[in-house]
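S.K.:
In UniProt numbering, the protein residues as written are 1 to 166.
#1: Please report the straight-line C-alpha distance between residue 96 and residue 153, rounded to a whole angstrom.
#2: Considering residue 173, what are the terminal residues of the alpha helix (DSSP H) in which it resides?
#3: Note down the Cα distance separating residue 138 from residue 18, rounded to an integer number of angstroms.
#4: Going by beta-carbon coordinates alone, are residue 15 and residue 140 separated by less than 8 Å?
#5: Determine contact between the stretch 35-54 and the stretch 78-95, defined as no fewer than three beta-carbon pairs at a distance below 8 Å.
#6: Helix, strand or coil for residue 95 per DSSP?
#7: Pull up the DSSP beta-bridge partners for residue 87, would you.
#8: Could you pull out every residue in the same chain whose Cβ sits closer than 6 Å to the Cβ of residue 57, ignoring the five residues on either side in sequence?
#9: Looking at the secondary structure, which residues open and close the alpha helix (DSSP H) in which residue 159 lies?
#10: Please classify residue 118: is it buried, with 16 or more other beta-carbons within 10 angstroms of its beta-carbon, or exposed?
#11: Cα separation between residue 136 and residue 61?
#12: Could you name the residues that DSSP lists as bridge partners for residue 81?
#13: Run the CB neighbour count on residue 160, radius 10 Å, all protein chains shown included, and call it buried at 16 or more, exposed below.
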């Protein structure tokens, strides 16, 4: 008797290509907040050498540039999702990656969310809440129209499910 090996494949769909720009913009805001005190220190500190300011500032700028260039591309390659008649499947992460599958029969709520910056990029997030202690499944960076369609499809599937969502 031979045992069949079942391999988990990645989910079919990626985030919207606009999510690349959204993730970069969000990271840029973070770096501006982190670099502002460095710049203020440079201008306020009139005593002593400017060399420490230049060294620390250069290190921060290199880290910021690397983060802004690498992180969005990496996340775009990793973040995936899929919804079938039987389950919702997500793959998320950046440094730490996670795959989660929730049977449609366990879905309790399906929500969409659009923050102000996401609205600028015409993006939305979908949250699928289940009875799982692991928390909800989150699908980030979807085109707003795709998110609306996904919410409508999942809502219809959950309504047809015979499970009790527990």
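Beta carbons are placed, not taken as given, at the ideal position from N, Cα and C, and that holds for glycine. Keep in mind it's a predicted model, so treat the numbers as computed, not measured.
M.R.: So, from the data block:
#1: 29 Å
#2: No information on residue 173 is available, as it lies outside the stretch 1 to 166 that the chain covers here.
#3: 18 Å
#4: yes
#5: no
#6: coil
#7: 103
#8: 38
#9: 144-160
#10: buried
#11: 36 Å
#12: 13 and 90
#13: exposed
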